[in-house]
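Asker:
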Amino acid sequence: MKSQKSLIGRRSFLSGAAAAVVGAGVALGASDPIQAQPEPTGEEHWNHPRGNAASTAFSTDGVGPTGSVSIAWEGWSGGYHSDMSVKAVVDGMVYVTDSSLSALDAADGTELWEFRAEIPDREFSDTPAAAIESATVMDGVVYAPVRIGAYDSENIYRTEHTAVVAVDAETGDKLWRRDAPVAGMFSTVTAVDGSLFVCGPDFDSGEGRFVYALDANDGSVRWRQPIAVESEDSSPPVVTDESVFVAPDNGVTAYNAATGDIVWEALPRVKDLSVAMISDGTLFVNENTEPGATIIALDAASGDERWKTSYGGDVRVDIGTVDMERLYVSTSEDTDVIALNRTDGSEAWRATIPQPPIPPENPPAEPIPAHGMARVGKLLYVGGAGLKPSDGSIVWKQGIEGPWIAGYWLDAVAGGRVYLSGDSLVVMEGAKIQTGTSTAQSDTEQPDDTVDKTT
């Protein structure tokens, strides 16, 4: 497969870590007390940075590459660009953020439009710069948080103004914007059924932190609730059709999605939790506090603890994706992925992405990315590799020209392509594409429901 390179634009990118991947929604049984937001259907519907509102990185009907996989095209910038990452892939368009928001053609990376946030007419400590670091797509509109700030005397970027903006997904034209003159910033937007759920400061005074439900048409506030968060940043809400889940400084809180009323509060003495995802009536959260790390499964209807799994020592554990049988996590240890039985948290298997041999004096020429996960069709995608979900065996792997690729993450799997970001955007395609047919289908089968792309 021929490799192409696409110039995304001549712009400078703010420093920061590449975003971790997450995924699309999951269908639930009719008896579940809380229904998850249905996963988008079709080949190219990865409409949240974490896939969809449920944040599962799981789509049985999604389409991913398999067979002989190679790099289809790359995109890069003329400036420093470690914040560049893919946030959504919808209807043949790839939405990329850095200091601006861009739409690319999924086929070859051609830039279709670019949106830059306006600097408000107010006083800043120094020359201000705007950054868009996330994007969510719903019903033909892109919703994004904006932060505006300046560099201080120590060359550290300080946010002094924040906003939420809505942009036409086809043209890049601004539709509306809500501003808050404050140092804090809004979280990634979670979009469900005409509502936008976001955590951020008060729009008028900038004081305090709140979880909001906004009208997607104009950004007006439908409801809001205060949350106890000391940091200027907040994790995005995880949302189902009925509930909104947020992790303040202590514990987890569930809100009624329609009214904002508190449904339950759990784990009040546990600090620094992250609400990772909701799947089939179970809310998965992770805690990374020294020493060790813990993964906790809660009943999404009541907040009751179902199980927890702890890891000791100097280790960080992050939840990557899930399916109907297992929860897949990554650790800061040598193991790239651990599969846990989702019913009790017991370990099912561990796997490490094999790397090419290291020459005596040089790093490998094409190391394989091993960060970021998505469970699409019949495969588990981890960085630049496809694995069998049943046992972690490698189905395919593809490296990126090195020497060092530690910053590359898998951002999305959609439309038969894998999207990774780091020092550049790297898009992988396979000679074949594969997809699942239903959530009840066994993942122990080989991914033989494939289509040869040449036929």
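As numbered in UniProt numbering, residues 1 to 455 make up the sequence shown, in order. A virtual CB, placed ideally from N, CA and C, is assigned to each residue, including glycine. Predicted model, so just to flag it, every value in this text is computed and none were measured.
1) Terminal residues of the continuous beta strand (DSSP E) containing PHE115?
2) Among PHE284, GLY303, THR335, GLY377, which one has its Cα closest to the Cα of THR343?
3) So does the segment 390-397 actually touch the segment 335-352, counting three or more Cβ pairs closer than 8 Å?
4) Compute the distance between the beta-carbons of SER134 and PRO49, then report whether it is under 8 Å.
5) By Cβ distance below 6 Å, which residues in the same chain neighbour residue 468 in space, the five residues on each side in sequence not counted?
6) What does the Cβ neighbour count give for PRO33, buried or exposed, with the cut at 16 atoms within 10 Å?
7) What runs of the alpha helix (DSSP H), each 4 residues or longer, lie entirely inside the segment 61-149?
8) Could you say which of ILE156, TYR157, GLU170 lies nearest to GLU111 if we only look at CA atoms?
9) Look at the Cβ atom of ASP318, then the Cβ atom of ASN341, and state whether they are nearer than 8 Å.
10) Using 8 Å for Cβ pairs, my map puts ARG122 next to PRO181. What's the rounded Cβ distance?
11) Would DSSP call ASN288 helix, strand or coil?
12) So, for VAL413: in the same chain, excluding its five sequence neighbours on each side, which residues have a beta-carbon less than 6 Å away from its beta-carbon?
13) If you follow the beta strand (DSSP E) that GLN434 is in, where does it begin and where does it stop?
14) Consult DSSP for ASP173 and reduce its assignment to one of helix, strand or coil.
15) How would you label GLY75, buried or exposed, when you count the other beta carbons within 10 angstroms and need 16 or more for buried?
16) Can you tell me whether ILE296 is buried or exposed, with buried defined as 16 or more other CB within 10 angstroms of its CB?
17) Identify the residues that DSSP records as bridge partners of SER274: which are they?
18) Measure the Cβ-Cβ separation of VAL263 and ALA254 and say whether it is below 8 Å.
19) Within 10 angstroms of the Cβ of PRO226, are there 16 or more other Cβ atoms? Answer buried if so, exposed if not.
20) Which runs of the beta strand (DSSP E) at least 3 residues long sit entirely within the segment 304-341? Give them in chain order.
21) Let me check understanding here. Comparing Cα to Cα, which of GLU154, THR136, HIS371 lies closest to GLY320?
22) Please report the distance separating the alpha-carbon of VAL238 from that of ILE278.
23) Should VAL86 and TYR419 be called a contact, given that it needs their Cβ atoms to be closer than 8 Å?
24) Helix, strand or coil, according to DSSP, for HIS161 in the structure here?
25) Would you list the residues sitting across from TYR212 in a DSSP beta bridge?
26) Using the C-alpha atoms, what's the distance from THR294 back to VAL244?
27) Nearest to ASN288 by CA position, among SER274, ALA301, LEU298, is which residue?
28) Can you tell me the Cα-Cα spacing of ARG178 and TYR151, whole angstroms?
29) Short check: CB of GLY303 to CB of ALA258, under 8 Å?
30) Are the beta-carbon atoms belonging to THR136 and THR188 less than 8 Å from one another?
31) With a threshold of 16 other CB atoms inside 10 Å of the CB of SER205, please say whether the residue is buried or exposed.
Answerer: Quick answer:
1) Start and end: 111-115.
2) Out of PHE284, GLY303, THR335, GLY377, PHE284 has the C-alpha closest to the C-alpha of THR343.
3) A contact exists between the segment 390-397 and the segment 335-352.
4) Yes, the pair counts as a contact, with Cβ atoms nearer than the cut-off.
5) The requested residue 468 is not part of the displayed model; the chain covers only 1 to 455.
6) Its pLDDT being 33, under 50, PRO33 is placed unreliably in this model, and the value from its coordinates should be taken loosely. By the neighbour-count rule (16 or more Cβ atoms within 10 Å), PRO33 is not buried but exposed.
7) Complete alpha helix (DSSP H) runs here, min 4: none at all.
8) Comparing Cα positions, the closest option is GLU170.
9) No, they are not a contact pair.
10) Cβ-Cβ separation between ARG122 and PRO181: approximately 7 Å, consistent with a contact (criterion under 8 Å).
11) DSSP, reduced to helix, strand and coil, places ASN288 within a strand of the structure shown.
12) Contacts found: GLY64, ALA374, VAL376, TYR381.
13) Here the beta strand (DSSP E) through GLN434 covers 425-434.
14) It is coil, neither helix nor strand.
15) Buried, since its Cβ has 16 or more Cβ neighbours within 10 Å.
16) Burial check for ILE296: the Cβ neighbour count within 10 Å reaches 16 or more, so the residue is buried.
17) Answer is ASN286, bridged to SER274.
18) Yes, they are a contact pair.
19) PRO226 should be labelled exposed.
20) Counting only runs of 3 or more, we get 305-311, 317-322, 326-331, 337-341.
21) Ranking GLU154, THR136, HIS371 by Cα distance to GLY320 puts HIS371 first.
22) As the crow flies, the alpha-carbon of VAL238 is around 7 Å from that of ILE278.
23) The answer is yes: Cβ separation under 8 Å.
24) In the structure shown, HIS161 sits in a strand (DSSP, three-state: E or B).
25) VAL198, ARG224, per the DSSP bridge assignment.
26) Straight-line Cα distance between these residues: approximately 22 Å.
27) When each option's Cα is compared against that of ASN288, the closest is SER274.
28) For ARG178 and TYR151, the distance between alpha carbons rounds to 24 Å.
29) In this structure, the beta-carbon distance from GLY303 to ALA258 does not fall below 8 Å.
30) Going by C-beta atoms, THR136 is nearer than 8 Å to THR188.
31) A residue is called buried once 16 or more other Cβ atoms fall within 10 Å of its Cβ, and SER205, having fewer, is exposed.
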